[in-house]
Amino acid sequence: MTYDFRKIEEKWQKFWAENQTFKAENDSQKEKFYVLDMFPYPSGAGLHVGHPLGYIASDIYARYKRHKGFNVLHPMGYDSFGLPAEQYAIQTGQHPAITTETNISRYREQLDKIGFSFDWSREVRTSDPNYYKWTQWIFIQLFNSWYNKEADKAEDISNLIAKFEKEGNQNVNAVCDEEVLDFSATEWKAFSPKQQQEILLKYRLTYLAETEVNWCPALGTVLANDEIVNGVSERGGHPVIRKKMTQWSMRISAYAQRLLDDLATVDWPQPLKDSQTNWIGRSEGAEVTFKVNGHEEVIDVFTTRPDTIFGVSFMTLAPEHELVSKITTPEQKVEVESYIEATAKRSERDRMADVKTISGAFTGAYAEHPFSKEPIPIWIGDYVLAGYGTGAVMSVPCGDQRDHDFAKHFNIPIPNIFEGVDISEEAYADKEKTIIANSDFLNGLPYKKAVKHVIYELEKLGQGEGKINYRLRDAVFSRQRYWGEPFPVYYIDGMPQMIDQEHLPIVLPEVVKYLPTETGEPPLGNATVWAWDVKKSAVVSNQLIDHKSVFPLELNTMPGWAGSSYYFNRYMDPTNENEIFSKGAIDYWQDVDLYIGGSEHATGHLLYSRFWQKFLFDKGVVPKPEFAKKLINQGMITGTSAFVYFVVARFAKDKQFYIAISKSAWGKVDEVIKKWRNTPPVNEKPFRFSVLNRTHSNVKYVNGSDELDIESFRNDVMNPEFKDAIFIGEKGKVIEDNDDVYIVGREVEKMSKSKYNVVSPDSICEEYGADSLRLYEMFLGPLEQSKPWNTAGISGVYSFLKKMWRLYHGGVEGAFMVTDTEPTADNLKTLHKTIKKVEEDIENFSFNTSVATFMICVNELATQKCNSREVLEPLAVLVSSYAPHIAEELWNQLGHTTSIATAPFPKFDEKYLVESSKEYPISFNGKMRFKIELPVDLSKEEIEAAVMAHDKTQEQLQGRTPKKVIIVPGKIVNIVG
RNA sequence: GCUCGAGUGGCGGAAUUGGUAGACGCGCUGGAUUCAAAAUCCAGUUCUUCGGAGUGUGGGUUCGAUUCCCACCUCGAGUACCA
Numbered sequence: 000m001t002y003d004f005r006k007i008e009e010k011w012q013k014f015w016a017e018n019q020t021f022k023a024e025n026d027s028q029k030e031k032f033y034v035l036d037m038f039p040y041p042s043g044a045g046l047h048v049g050h051p052l053g054y055i056a057s058d059i060y061a062r063y064k065r066h067k068g069f070n071v072l073h074p075m076g077y078d079s080f081g082l083p084a085e086q087y088a089i090q091t092g093q094h095p096a097i098t099t100e101t102n103i104s105r106y107r108e109q110l111d112k113i114g115f116s117f118d119w120s121r122e123v124r125t126s127d128p129n130y131y132k133w134t135q136w137i138f139i140q141l142f143n144s145w146y147n148k149e150a151d152k153a154e155d156i157s158n159l160i161a162k163f164e165k166e167g168n169q170n171v172n173a174v175c176d177e178e179v180l181d182f183s184a185t186e187w188k189a190f191s192p193k194q195q196q197e198i199l200l201k202y203r204l205t206y207l208a209e210t211e212v213n214w215c216p217a218l219g220t221v222l223a224n225d226e227i228v229n230g231v232s233e234r235g236g237h238p239v240i241r242k243k244m245t246q247w248s249m250r251i252s253a254y255a256q257r258l259l260d261d262l263a264t265v266d267w268p269q270p271l272k273d274s275q276t277n278w279i280g281r282s283e284g285a286e287v288t289f290k291v292n293g294h295e296e297v298i299d300v301f302t303t304r305p306d307t308i309f310g311v312s313f314m315t316l317a318p319e320h321e322l323v324s325k326i327t328t329p330e331q332k333v334e335v336e337s338y339i340e341a342t343a344k345r346s347e348r349d350r351m352a353d354v355k356t357i358s359g360a361f362t363g364a365y366a367e368h369p370f371s372k373e374p375i376p377i378w379i380g381d382y383v384l385a386g387y388g389t390g391a392v393m394s395v396p397c398g399d400q401r402d403h404d405f406a407k408h409f410n411i412p413i414p415n416i417f418e419g420v421d422i423s424e425e426a427y428a429d430k431e432k433t434i435i436a437n438s439d440f441l442n443g444l445p446y447k448k449a450v451k452h453v454i455y456e457l458e459k460l461g462q463g464e465g466k467i468n469y470r471l472r473d474a475v476f477s478r479q480r481y482w483g484e485p486f487p488v489y490y491i492d493g494m495p496q497m498i499d500q501e502h503l504p505i506v507l508p509e510v511v512k513y514l515p516t517e518t519g520e521p522p523l524g525n526a527t528v529w530a531w532d533v534k535k536s537a538v539v540s541n542q543l544i545d546h547k548s549v550f551p552l553e554l555n556t557m558p559g560w561a562g563s564s565y566y567f568n569r570y571m572d573p574t575n576e577n578e579i580f581s582k583g584a585i586d587y588w589q590d591v592d593l594y595i596g597g598s599e600h601a602t603g604h605l606l607y608s609r610f611w612q613k614f615l616f617d618k619g620v621v622p623k624p625e626f627a628k629k630l631i632n633q634g635m636i637t638g639t640s641a642f643v644y645f646v647v648a649r650f651a652k653d654k655q656f657y658i659a660i661s662k663s664a665w666g667k668v669d670e671v672i673k674k675w676r677n678t679p680p681v682n683e684k685p686f687r688f689s690v691l692n693r694t695h696s697n698v699k700y701v702n703g704s705d706e707l708d709i710e711s712f713r714n715d716v717m718n719p720e721f722k723d724a725i726f727i728g729e730k731g732k733v734i735e736d737n738d739d740v741y742i743v744g745r746e747v748e749k750m751s752k753s754k755y756n757v758v759s760p761d762s763i764c765e766e767y768g769a770d771s772l773r774l775y776e777m778f779l780g781p782l783e784q785s786k787p788w789n790t791a792g793i794s795g796v797y798s799f800l801k802k803m804w805r806l807y808h809g810g811v812e813g814a815f816m817v818t819d820t821e822p823t824a825d826n827l828k829t830l831h832k833t834i835k836k837v838e839e840d841i842e843n844f845s846f847n848t849s850v851a852t853f854m855i856c857v858n859e860l861a862t863q864k865c866n867s868r869e870v871l872e873p874l875a876v877l878v879s880s881y882a883p884h885i886a887e888e889l890w891n892q893l894g895h896t897t898s899i900a901t902a903p904f905p906k907f908d909e910k911y912l913v914e915s916s917k918e919y920p921i922s923f924n925g926k927m928r929f930k931i932e933l934p935v936d937l938s939k940e941e942i943e944a945a946v947m948a949h950d951k952t953q954e955q956l957q958g959r960t961p962k963k964v965i966i967v968p969g970k971i972v973n974i975v976g
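The first sequence begins at 0 in numbering that gives the first Met the number 0 and counts up one residue at a time.
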């Protein structure tokens, strides 16, 4: 009986599916463990070997935890709304739901072949109405909530209304829009219902507001900040411009501080925490109010260096600042307006690419220094960003390099307010060593004291206060797309109304085309049945809209991150129709214990999910403020591209001929050309040769020794020019009848179709089996590191599996043979050191080293000719997390009728590892020179005596007397001198 | 520019608290088996002037450093006028 992986894998995959082996129960007495993979988007391209890396690691961990007696939740589903299916729909007219369905089937097929222990009964899809019902539900909860800073949590909007009715808004400490005016209880009651709604929108956690958004004309939609990379769209790389639009937004800024603080409570990778910290961008400082000479209006600035207030020599406003037009003097009007026009034309990308050019314009207006009362010129400059802080800065050229550059460029004075510092060439930004000078009451103070003092003085004047600013902006939540969750929102008199929860889901309507309408409305504007009848509580035809009982529905859809921000909770009770999940389910499963996925989600998915989790926590829906205790970012698997090097011989009459040159001859191209010129293998003489060039070869034509399968390469339709090419082999001669080999060049590159280095898991499963694939992916290196894929190496783990199979099949003609003979001491030692190492490795997520441990174990047991059940049975369990199919088969042959999945993990016993002697490494000055075998129970003195008496010691010393002998019993002997 | 992370044979990588550097595998070399090939098995495989040297470079701490400290170099990832 040989190791027939195809038969075995098919058999057990079928068994697991039929027996629902990995179904997790919500009412188990066992302790829970929740292992989660990041939600995949089912793309049409299918999986390459890089994709399942994290899934394999999490699967090993999930299977291990089952062996350890846990009730494991290990689900999988699809983030199935998204742009590619919609773009395809625009091009072909095929409904995105169909494209999505096809892609999911393909995806599922690929996943199934790898033998994952997913509980497929819990599968969710974000585009399924039964799922997005709850996405809409959460949206409504957010709409009906406001953020109470006093309690530091989200509360129901009814609380806020009650407060307004009782005492107006003066004493309300909420996170809300900037421009909310104060009103009393009487005034509140006097407002019209519409006015009241407008005010409440400024407090709600999701709100409708005209905001400046990132508009991507090519995609026809707005994008969130994290969807823009280097000033262009993340998907497609299209330009993005700033535009004012009425959009739904999420008040994530309310949670900025908590999102920052709670990072300390989760076991996530430091780089990921760093990038979230960075993205939230907390800075401490002060807001200072400057009066403007001759105007009612004031300019608020945010600064982290209020201690440098006496160094202010000008102010700079963002060109978009609303005060610019009001304060600009008639004389400066032309200059300022032309500057604003010029900056508005520059795209985000231009502005980012070109940060060195200094530009600006003087408004002609002056502000008044809060203390010295001196006039300060007010400039505008595009180095000040409208979206950060107040969009205005107090410019301190001696302490800030950008202000310094600006001042120098426009010949603005640069007063020095630092003791003993030269600021003629560049600004001095060091905080710690700063002593303030030329600053009235701040003279002689160090940074920290000066900050405290100046804030105190500003507060006394009523012109400033200490403030904490965040870079994190509220997240735009509307997308002008078709393939996303519809909002459960209709409009009465322009004011948004929520549809009652009991009528959810509001199902995405059918449209005839997926593009924006001719009037520029989002694709849902094409829907003909898209109006809300409040009497019938149903979606009805647009023709019935009368603004009395039938109203228009929202035309935007939700962004990609809506459905993925809570899916980990929905898995706990995915088919519940009455609740997002039952109390019992969430109380049992609580949160994710291990989350594995890519680092590209650092500032998108992982920040939004934390935000929604905290909101649901505030509302008492979930019991934990963080959804994932531990998170691991798996590294990327890169491809190992193969290159064929060649020169082109050109003839008259536009004819040319390709000559491929093997690796050893790259340096000798001239010789090749010379030889070829003199004795061309074709009838004509070439007149010109190209330089040495190279082209990608498909990696499947290259074997483990980097030899090219020339015939296959010749016949590949991708490179017809090589059809009749000649190949010069390693010996420097033209290859004929396989008398030589052609060696390709290799280079590590990103795995991509265009580089012909994509390897699919299916082809690996077909050739070596899923168990080999799983082992090899782990064997490549540490999970978190990026590493290159090279299929050639897989033969190592494949022969390991065959060897392991033979260990259980030592009978006649490979018949199964495991005996009940007593294991030897060596057998047990091998087994127990393997148990110890594998357990430690899995706990440390060091999966690569346990594969090596398995190999050592099987090699040793094979040498020992071990076929004892007492050893081979626990070995099958050890291996089963990594290579589950072969383990199940062996387990079955060992006589078990139930799955190995819940077999207890073997127990490690120290006693089998106890040795009676130790082979001591003997070092001289720290360098190991030889080893001697000594009993372990020798004292230091006895060891020293034995070592010094040894011939080799004397040989090394050559008559010298050692200065010192270091002895660490059980470890090492080091002789110094 | 800033912030992180990483540099070990031909290649992927190992060395868990400072204690035998190069485990395990690929590739390579030689051999066995075979009519032959595949498969399998055995031996060797960091460099070396055979004294030794050696974990990116230079220094330091230590009896002893891939591991700790300082400076530098290279590569990778993230971020970018954040006041």
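For every residue, glycine included, the Cβ atom is placed at its ideal position computed from N, Cα and C. If you're wondering where the values come from, they're calculated on a predicted model, not measured in any experiment.
Is Thr302 closer than 8 Å to Phe405 when the C-beta atoms are compared? Result no, Cβ atoms of Phe405 and Thr302 do not sit closer than 8 Å.
C-beta atoms of Val291 and Ile339 nearer than 8 Å: Remark: C-beta atoms of Val291 and Ile339 do not approach each other more closely than 8 Å.
DSSP beta-bridge partners for Asn147? Lys152 and Ala173, per the DSSP bridge assignment.
Check whether the Cβ atoms of Gly49 and Met777 sit closer than 8 Å, and answer yes or no. Cβ distance not < 8 Å, so Gly49 and Met777 don't count as in contact.
Return the first residue and the last residue of the beta strand (DSSP E) that Ser689 is part of. Annotation: Ser689 is outside any beta strand (DSSP E) and is labelled neither H nor E by DSSP.
Do you know offhand how far Ile89's Cα is from Ala659's? Approximately 44 Å between the Cα atoms of the pair.
What does the alpha-carbon distance come out to for the pair Lys749 and Glu336? Spanning the two alpha carbons is a distance of roughly 47 Å.
Cutting at 6 Å between CB atoms, please list the residues of its own chain near Glu418, excluding the five before and the five after it. Once the five neighbours on either side are set aside, the close Cβ partners of Glu418 are Ile434 and Ala436.
Beta-carbon proximity check, Ala184 vs Glu166, cutoff 8 Å: In contact: Ala184 and Glu166 (Cβ atoms closer than 8 Å).
Along the chain, where does the alpha helix (DSSP H) that runs through Ile855 open and close? Here the alpha helix (DSSP H) through Ile855 covers Phe846 to Thr862.
Other residues of its chain near Tyr63: CB distance less than 8 Å, five sequence neighbours each side excluded: Excluding sequence neighbours, Tyr63 sits near Ile841, Ser880 and Phe904.
Own chain partners of Ile966 with C-beta closer than 7 Å, once the 5 adjacent residues on each side are dropped: Closer than 7 Å at the Cβ level, and outside the excluded window around Ile966, lie Lys939, Ile942, Glu943 and Val972.
May I ask you to list the residues that DSSP assigns as paired with Asn468? According to DSSP, Asn468 bridges with Ser282.
Closer than 6 Å by C-beta to Lys962: which residues in its own chain qualify, once you throw out the five before and the five after it? Chain order, please. So the list reads Val975 and Gly976, once near-sequence residues are dropped.
Pairwise C-alpha distance: Lys201 and Asp176: Across the structure, Asp176 and Lys201 are spaced so that their CA atoms are roughly 5 Å apart.
Is it buried or exposed for Asp770, if we count other Cβ within 10 angstroms and need 16 for buried? Around the Cβ of Asp770, a 10 Å sphere holds 16 or more other Cβ atoms; the residue is buried.
If the criterion is Cβ atoms closer than 8 Å, does the pair Gly731 and Ser794 meet it? No, they are not a contact pair.
So Ile377 and Ala366 are in contact, right, with Cβ under 8 Å, and what is the actual spacing, rounded? Sure, about 6 Å apart at Cβ, within 8 Å.
What are the start and end residues of each continuous alpha helix (DSSP H) run of 4 or more residues lying completely inside the segment 599 to 633, in chain order? Unbroken alpha helix (DSSP H) stretches of 4 residues or longer found wholly inside the segment 599 to 633: 604 to 617, given in chain order.
When we look at the beta-carbon of Asn577 and count the other beta-carbons within 10 Å, is it buried (16 or more) or exposed? By the C-beta density criterion, Asn577 is exposed, having fewer than 16 other C-beta atoms within 10 angstroms.
Cys865 versus Val817 - alpha carbon distance: Cα to Cα, Cys865 sits roughly 9 Å from Val817.
Please list the segments of the alpha helix (DSSP H) lying wholly inside the segment 230 to 291, counting only runs of 4 or more residues, in order along the chain. Taking only runs of at least 4 residues, the alpha helix (DSSP H) segments lying wholly in the segment 230 to 291 are 255 to 260 and 269 to 279.
May I ask you to report which of helix, strand or coil DSSP gives Ile636? Note: Ile636 maps to strand in three-state DSSP.
With DSSP as the reference, identify every bridge partner of Arg478, one or two as the case may be. According to DSSP, Arg478 bridges with Thr556.
When burial is assigned at 16 or more other CB atoms within 10 Å of the CB, is Leu460 buried or exposed? It is exposed - the Cβ of Leu460 has fewer than 16 other Cβ atoms within 10 Å.
Nearest residue (CA-CA) to Asp299, options Ala253, Lys628, Gly519 and His368: Taking only the C-alpha atoms, the option nearest Asp299 is His368.
DSSP beta-bridge partners for His695? Bridge partners of His695: Phe642.
Beta strand (DSSP E) segments (min. 3 residues) lying fully within the segment 81 to 143: Listed in chain order, nothing qualifies, since the segment 81 to 143 has no complete beta strand (DSSP E) run of 3 or more residues.
Quick one: grab the DSSP three-state call for Lys31. Residue state, collapsed to three classes: strand.
Where Ala791 and Met854 are concerned, what is the direct C-alpha to C-alpha distance, given to the nearest angstrom? A straight-line Cα-Cα distance of about 18 Å links Ala791 and Met854.
Assess contact between the segment 501 to 511 and the segment 477 to 486, defined as three or more Cβ pairs (one per stretch) separated by less than 8 Å. Is contact present? Yes, they touch.
Check whether the Cβ atoms of Tyr33 and Val591 lie closer than 8 Å to each other. Cβ distance < 8 Å, so Tyr33 and Val591 count as in contact.
Validate contact between the segment 612 to 630 and the segment 59 to 79 using beta carbons, cut 8 Å, 3 pairs: Counting Cβ pairs under 8 Å, fewer than three are found: no touch.
Take the Cβ of Glu296 as the centre, count every other Cβ of all protein chains shown within 10 Å, and call the residue buried at 16 or more, exposed below. By the neighbour-count rule (16 or more Cβ atoms within 10 Å), Glu296 is not buried but exposed.
What residue does the beta strand (DSSP E) around Cys215 start on, and which one ends it? First-last of the beta strand (DSSP E) with Cys215: Thr205 to Cys215.
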